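Under the numbering used here, the first residue of the sequence shown carries the number 8, and numbering increases by one thereafter.
For every residue, glycine included, the Cβ atom is placed at its ideal position computed from N, Cα and C.
Fair warning: this is a prediction, and the values are worked out from it, not measured in the lab.
Notes to accompany the following structure.
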Amino acid sequence: VAALRPGPFVPPPPIQSVTTVPTKIAAAGDTQTVGSWSVRLERSDPSMGLDWSGLGNIDRPAGRFIMVLATVQNMTASDDSVKNGDWHLVDAAGREYIACGSQHCQSFAHNVGMTGFSENIPPGTSTKLLVVFDVAPDAELMQLVVEDKARWLIGSVK
């Protein structure tokens, strides 16, 4: 049996990231193409609660709600829907928040005349999408990230 002898150290190959790092950080009003969607961030606003029924049924955030209004256009040849798991806020501390996909958030969007996630949007159609995030109370300098391909600067929303 041959003895193991120390040899030269061979470092492992670098780990390849599967996440595409966006090269551009856009501002409110800018439009970016994200997969089969055209997305324009309109604005972001804070909210203390969501009246999702119109009857005073209010959800309160664990931290604080940030509402993002975006215009999205389906650029495919068939009906498609926007998925909440593709929309994130990332704050200055690197914490990531996934968009709310609950029925309450969808009902809230309808109550204010907007589109929510998982609704079929016909080809070539633009619609206002209301996206709700529950972020930490101290979250600052946030960026909206869509499908890890496009970013918009949200800043600090108080």
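Just to confirm my understanding: we take residue i, look at its own chain, exclude 5 residues before and 5 after, and list those with CB closer than 7 Å. What are they?
| i | result |
| --- | --- |
| glutamate 154 | Val41, Gly42 and Asp93 |
| alanine 84 | Pro130 |
| lysine 135 | Leu76, Thr78, Met121 and Thr122 |
| valine 152 | His95, Val97 and Arg158 |
Note down the Cα distance separating residue i from residue j, rounded to an integer number of angstroms.
| i | j | result |
| --- | --- | --- |
| histidine 95 | isoleucine 73 | 11 Å |
| lysine 4 | serine 109 | No answer is possible for residue 4: the residues shown for the chain start at 8 and end at 165. |
| aspartate 145 | glutamine 39 | 28 Å |
| proline 29 | histidine 111 | At proline 29 the pLDDT is 48, less than 50, meaning the model places this residue with poor confidence and gives no usable figure here. |
| alanine 143 | serine 125 | 26 Å |
| aspartate 91 | serine 45 | At residue 91 the sequence reads asparagine, which differs from the aspartate that was named. Whole-angstrom Cα-Cα distance: 16 Å. |
| valine 139 | methionine 82 | 23 Å |
| glutamate 147 | glycine 101 | 10 Å |
Thinking just about the alpha-carbon of each residue, which of the options is nearest to the one in residue i?
| i | options | result |
| --- | --- | --- |
| alanine 99 | Gln150, Arg158 and Gly36 | Gln150 |
| glycine 123 | Ser85, Cys107, Gly131 and Pro129 | Cys107 |
| glutamine 80 | Leu137, Val152, Phe140 and Ser133 | Ser133 |
| threonine 78 | Leu137, Gln110 and Ser109 | Leu137 |
| arginine 50 | Ala35, Trp44 and Gln39 | Ala35 |
| aspartate 141 | Ala33, Ser45, Val89 and Ile105 | Ile105 |
For residue i, which residues does DSSP report across the bridge?
| i | result |
| --- | --- |
| histidine 157 | Here residue 157 is alanine; the residue named in the question, histidine, does not match the sequence. Answer is Val153, bridged to alanine 157. |
| alanine 33 | Trp159 |
| threonine 78 | Arg47 and Lys135 |
| threonine 83 | For threonine 83, which the question treats as bridged, DSSP gives no partner whatsoever. |
| phenylalanine 115 | Paired residue(s): none; phenylalanine 115 is not in a bridge. |
Residue i: buried (16+ other C-beta within 10 angstroms of its C-beta) or exposed?
| i | result |
| --- | --- |
| arginine 158 | buried |
| isoleucine 161 | buried |
| asparagine 127 | exposed |
| alanine 69 | exposed |
| alanine 116 | buried |
| aspartate 86 | exposed |
Please work out which residues of its chain come closer than 6 Å, Cβ to Cβ, to residue i, disregarding the five sequence neighbours upstream and downstream, and give them in chain order.
| i | result |
| --- | --- |
| isoleucine 103 | Per the sequence shown, the amino acid found at residue 103 is glutamate instead of isoleucine. Around glutamate 103: His95 and Val97. |
Residues in the same chain with beta-carbon distance under 8 Å from residue i, minus the five sequence neighbours each way, listed in chain order, please.
| i | result |
| --- | --- |
| aspartate 37 | Arg47, Leu48 and Trp159 |
| serine 88 | Phe124, Ser125, Glu126, Asn127 and Ile128 |
| alanine 171 | Nothing can be reported for residue 171, as the shown portion of the chain is limited to 8 through 165. |
Against chain D, does residue i count as a neighbour if the rule is that its beta carbon must be under 8 Å from one of theirs?
| i | result |
| --- | --- |
| tryptophan 44 | Of the protein chains in this structure there is only one, and it is not chain D. |
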